[in-house]
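Chains as they are written, first to last, in our numbering: chain V, -12 to 178; chain U, 50 to 323. Below is one structure, written out as structure tokens, with a few remarks after it.
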Amino acid sequence: MTATAKRAVVIGASAGAVQALLTILPTLPADYPVPVLIAVHVPPDRVNGLVPLLRASCALAVVEAEDKETVRPGTIYFAPPDYHLLVEREGGLALSSDEAVNYSRPSIDVLFESAADAYGDGLVGVILTGANNDGAAGLKTIMDSGGEAFVERPSEAYASTMPEAALKACPGATVMSLLEIARCLREIQAT
Amino acid sequence: MPDTLEDLEIRLLLEAMFQRYHFDFRHYARASIKRRLIQARDQMGYPTLTALQDAVLHDPSMVPRLLGYLTVQVSEMFRDPTYFKALRETVLPHLRTYPSLKVWIAGCSTGEEVYSLAILFREEGLYERTLFYATDINPDALRAAQAGVYTLDRLRKFTENHQKSGGRSSLSDYYTAGYGRAVFDRSLTSRVVFSDHSLVSDAVFAEMHLISCRNVMIYFDRVLQDRAIGLFKDSLPRGGFLGLGSRESLRFSTHAADFSEFVPEQKLYRRLGS
């Protein structure tokens, strides 16, 4: 983990996301200096059960992202089911009903690519467990824009396809266990 | 972040579309529009957005193709069945008290919501006294909406949604299936006016009892959202209803105080008296 100051963290996960996020997010302190934006693949009709679950166990505020709201530090934003979540360069959130990307809406690539555009080298991208390739292209965009990339060690992941695809696209990403990722995220300092 | 060359190209291309063809996407939410333009550039085979702009400026036949990328919307019939259930159970009892009704589906895209509302109103016995206005800026989408033809693979989802919305009939009563397609009954559009109308640049055109504009304003920036909501406000008499997408709200609008929350969880609002 370099000492560069950060502006935001984005996380993508799919199959096995609940346990992975429960390992990481509750360890972040209430005064966490940057926003955390998360895209998890959930069935479109389903109410996002993750939000209440994490709200109960996190010190940070946990919300489902609303269209046009201003991104605030110390808050965890989830993409709502059946919408893509994007970040505007002016620091607002935007939702979209565009077609699924990688068979997914929300898509991790859509979140990561727009966040890379908004935050440049101030962004940390994290790919966790999952059973498809979503997020690999987005993580590469983050690295190409000067941001940092963390990937859950595939051999330890509940589903290894997504972290493997991310590493294939981003050989320079840092491979870590969930606990190591949590520690690195805690060390982040804001710009 | 400083603007990149690509950002500059996007601004110029949107300006060109406006100056030359009066399609105004300049106040669309930028992150989405960027994604769509890059997709258009790559799939239409241009090396840069500037090259795409050159082609569009000099060849008007390129405009519909680009519009297809800029306005593409993926919807389904009775999307968010709970919204239609709330309309059926809480809004329609109010509408029933009027001798004639006007309903505006703003940004109707390829018509899924038009047919949903037409079926809902027919099931509730209100269709014959209602005039529906279905508007969009994309002529191809409007033509598709008017045609009411959907591929059969989508019908399972449409049917499931219709049932969940409290549908009193079978969706299959309203279409004929053949050759992998479902063609919706012409009688469903006998009282629908399909028209080109832009929430960016056009004005109020009639007084409405219900306006449904779902997942359209998420593509607008705050300035444009406010203009559109102002149009809706001016189109609704006191007590008129406005329905938005499940993740949209009036929270950031300067017109918020002109509406009350009617069914907050379904984003149904009601116009307050002025």
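Glycine included, C-beta positions come from ideal geometry on N, C-alpha and C.
With 16 as the cutoff for other CB atoms within 10 Å, does residue i come out buried or exposed?
{"i": "Tyr324 (chain U)", "result": "One cannot answer for residue 324 (chain U) here, as it falls past the ends of chain U, which runs 50 to 323."}
{"i": "Val198 (chain U)", "result": "exposed"}
{"i": "Val(-3) (chain V)", "result": "buried"}
{"i": "Arg107 (chain U)", "result": "The sequence given here places His at residue 107 (chain U); Arg does not occur at that position. Exposed, because fewer than 16 other Cβ atoms sit within 10 Å of the Cβ of His107 (chain U)."}
{"i": "Gln122 (chain U)", "result": "buried"}
{"i": "Lys94 (chain V)", "result": "Correcting the residue identity first, residue 94 (chain V) is Ser in this sequence and not Lys. With 16 or more Cβ atoms within 10 Å of its Cβ, Ser94 (chain V) is classed as buried."}
{"i": "Arg300 (chain U)", "result": "exposed"}
{"i": "Tyr147 (chain U)", "result": "exposed"}
{"i": "Ala103 (chain V)", "result": "buried"}
{"i": "Val272 (chain U)", "result": "exposed"}
{"i": "His258 (chain U)", "result": "buried"}
{"i": "Leu47 (chain V)", "result": "buried"}
{"i": "Thr178 (chain V)", "result": "exposed"}
{"i": "Asp202 (chain U)", "result": "exposed"}
{"i": "Arg57 (chain U)", "result": "The sequence given here places Leu at residue 57 (chain U); Arg does not occur at that position. Counting Cβ neighbours within 10 Å, Leu57 (chain U) comes out exposed, since fewer than 16 surround it."}
{"i": "Asp52 (chain U)", "result": "exposed"}
{"i": "Leu41 (chain V)", "result": "buried"}
{"i": "Gly(-1) (chain V)", "result": "buried"}
{"i": "Ala52 (chain V)", "result": "buried"}
{"i": "His71 (chain U)", "result": "exposed"}
{"i": "Arg43 (chain U)", "result": "The structure shown does not extend to residue 43 (chain U), since chain U is modelled only from 50 to 323, so the question has no answer here."}
Does the beta carbon of residue i come closer than 8 Å to any beta carbon on chain B?
{"i": "Pro67 (chain V)", "result": "Absent here is chain B; the protein component of the structure consists of chains V and U."}
Which same chain residues, not among the five before or five after residue i, have their C-beta less than 6 Å away from its C-beta?
{"i": "Met(-12) (chain V)", "result": "Note on Met(-12) (chain V): pLDDT 48, under 50, position unreliable in the model; no value is reported."}
{"i": "Ala306 (chain U)", "result": "none"}
{"i": "Val88 (chain V)", "result": "Ser94, Asp96, Val97"}
{"i": "Ser91 (chain V)", "result": "His28, Asp121"}
{"i": "Ala152 (chain V)", "result": "Asn120, Ala123"}
{"i": "Ser214 (chain U)", "result": "Phe127, Pro130, Phe133, Lys134"}
{"i": "Ser302 (chain U)", "result": "Asp275, Ile278"}
{"i": "Pro150 (chain V)", "result": "Ile114, Val138, Glu139, Pro141, Ala144"}
{"i": "Ala146 (chain V)", "result": "Ala2, Gly3, Thr116, Gly117, Ala118"}
{"i": "Phe170 (chain U)", "result": "Tyr176, Thr179"}
{"i": "Arg90 (chain U)", "result": "Leu98, Leu101"}
{"i": "Gly125 (chain V)", "result": "Ile95, Asp96, Phe99, Glu100"}
Going by Cα to Cα distance, which pick from the options is closest to residue i?
{"i": "Gln92 (chain U)", "options": "U:Tyr70, U:Gly117, U:Glu177, U:Arg69", "result": "U:Gly117"}
{"i": "Ala255 (chain U)", "options": "U:Arg271, U:Val272, U:Ser284", "result": "U:Ser284"}
{"i": "Gly156 (chain U)", "options": "U:Ser221, U:Ser124, U:Val105, U:Ile168", "result": "U:Ser124"}
{"i": "Thr57 (chain V)", "options": "V:Pro13, V:Glu86, V:Leu82, V:Leu37", "result": "V:Leu82"}
{"i": "Arg178 (chain U)", "options": "U:Asn210, U:Val241, U:Gln315", "result": "U:Val241"}
{"i": "Gly78 (chain V)", "options": "U:Arg79, U:Ala183, U:Met111", "result": "U:Arg79"}
{"i": "Tyr132 (chain U)", "options": "U:Gly322, U:Lys151, U:Gln315, U:Leu321", "result": "U:Gln315"}
{"i": "Tyr223 (chain U)", "options": "U:Thr120, U:Glu172, U:Arg75, U:Ser110", "result": "U:Glu172"}
{"i": "His246 (chain U)", "options": "U:Ser158, U:Leu141, U:Arg114, U:Glu58", "result": "U:Ser158"}
{"i": "Glu167 (chain V)", "options": "V:Arg(-6), V:Ala2, V:Lys55, V:Ala7", "result": "V:Ala7"}
{"i": "Asp204 (chain U)", "options": "U:Val232, U:Thr184, U:Ile87, U:Ser295", "result": "Per the sequence presented here, residue 204 (chain U) reads as Leu, with Asp not at that position. That would be U:Val232, whose Cα lies nearest to the Cα of Leu204 (chain U)."}
{"i": "Arg263 (chain U)", "options": "U:Ala252, U:Ser309, U:Val163", "result": "U:Val163"}
{"i": "Met130 (chain V)", "options": "V:Val74, V:Leu41, V:Glu75, V:Phe99", "result": "V:Phe99"}
{"i": "Ile25 (chain V)", "options": "V:Val111, V:Ser164, V:Ala17", "result": "V:Val111"}
{"i": "Ser250 (chain U)", "options": "U:Tyr77, U:Glu58, U:Ser261", "result": "U:Tyr77"}
{"i": "Gln195 (chain U)", "options": "U:Met257, U:Pro313, U:Ser239, U:Ile59", "result": "U:Ser239"}
{"i": "Ser298 (chain U)", "options": "V:Leu41, V:Gly109, V:Glu75, V:Lys55", "result": "V:Lys55"}
{"i": "Gly160 (chain U)", "options": "U:Ser149, U:Ala183, U:Leu144", "result": "U:Ala183"}
{"i": "Ile260 (chain U)", "options": "U:Ala167, U:His211, U:Phe281, U:Met266", "result": "U:Phe281"}
{"i": "Glu75 (chain V)", "options": "U:Ile82, U:Gln212, U:Gly294, U:Gly94", "result": "U:Ile82"}
{"i": "Thr225 (chain U)", "options": "U:Asp234, U:Leu150, U:Tyr70", "result": "U:Asp234"}
{"i": "Leu166 (chain U)", "options": "U:Ala252, U:Asn210, U:Pro109", "result": "U:Asn210"}
{"i": "Arg296 (chain U)", "options": "U:Pro286, U:Val265, U:His71", "result": "U:Val265"}
{"i": "Ile154 (chain U)", "options": "U:Gly322, U:Pro142, U:Gly294", "result": "U:Gly294"}
{"i": "Arg320 (chain U)", "options": "U:Gly174, U:Ile168, U:Arg287", "result": "U:Arg287"}
{"i": "Pro39 (chain V)", "options": "V:Ala(-8), V:Ala160, V:Phe65", "result": "V:Phe65"}
{"i": "Phe181 (chain U)", "options": "U:Glu55, U:Arg230, U:Leu150, U:Ala104", "result": "U:Leu150"}
{"i": "Ile267 (chain U)", "options": "V:Val162, V:Thr128, V:Leu73", "result": "V:Leu73"}
Who are the near neighbours of residue i in its chain, counting only those whose CB is closer than 7 Å to its CB and skipping five residues on each side?
{"i": "Ala169 (chain V)", "result": "Thr10, Ile11, Thr14"}
{"i": "Phe14 (chain U)", "result": "Outside the displayed range of chain U (50 to 323) lies residue 14 (chain U), so it cannot be described from this structure."}
{"i": "Leu317 (chain U)", "result": "Ala135, Val140, Phe290, Gly292, Phe311"}
{"i": "Leu191 (chain U)", "result": "Asp185, Phe243, Asp245"}
{"i": "Thr208 (chain U)", "result": "Leu220"}
{"i": "Phe269 (chain U)", "result": "His76, Tyr77, Ala78, Ala277"}
{"i": "Arg33 (chain U)", "result": "No answer is possible for residue 33 (chain U): the residues shown for chain U start at 50 and end at 323."}
For residue i, which residues from the same chain have a beta carbon less than 8 Å from its beta carbon, with the 5 sequence-adjacent residues on both sides left out?
{"i": "Ser236 (chain U)", "result": "none"}
{"i": "Asp189 (chain U)", "result": "Pro113, Leu116, Gly117"}
{"i": "Glu138 (chain U)", "result": "Gly215"}
{"i": "Leu86 (chain U)", "result": "Ile59, Leu62, Leu98, Leu101, Tyr118, Leu119"}
{"i": "Gly134 (chain V)", "result": "Ala103, Tyr106, Gly107, Asp108, Gly109, Leu110, Val111, Gly112"}
{"i": "Thr148 (chain V)", "result": "Gly117, Ala118, Asn119, Asn120"}
Problem set entry | Stretch pair the region 20 to 31 of chain V + the region 51 to 64 of chain V: three plus CB contacts closer than 8 Å | yes
For this session: Indicate whether the contact test is met: 3 or more Cβ pairs, each with one atom in the region 154 to 167 of chain V and one in the region 61 to 77 of chain U, closer than 8 Å.
Result: no
Problem set entry | Runs of alpha helix (DSSP H) lying entirely within the region 33 to 86 of chain V, each at least 4 residues, in chain order | If only uninterrupted alpha helix (DSSP H) runs of at least 4 residues are considered, those enclosed by the region 33 to 86 of chain V are 37 to 44.
For this session: Counting only runs of 4+ residues fully inside the region 95 to 164 of chain V, write out the alpha helix (DSSP H) ranges in chain order.
Result: 95 to 106, 123 to 131, 148 to 156
For this session: Could you name each continuous beta strand (DSSP E) segment of 3 residues or more that falls completely within the region 227 to 281 of chain U, going from the start of the chain to the end?
Result: Listed in chain order, they are 230 to 233, 241 to 245, 259 to 262.
For this session: Only counting runs of 4 or more residues, tell me where the alpha helix (DSSP H) segments fall wholly within the region 66 to 119 of chain U, in order along the chain.
Result: If we require 4 residues or more, the alpha helix (DSSP H) runs fully inside the region 66 to 119 of chain U come out as 79 to 93, 98 to 107.
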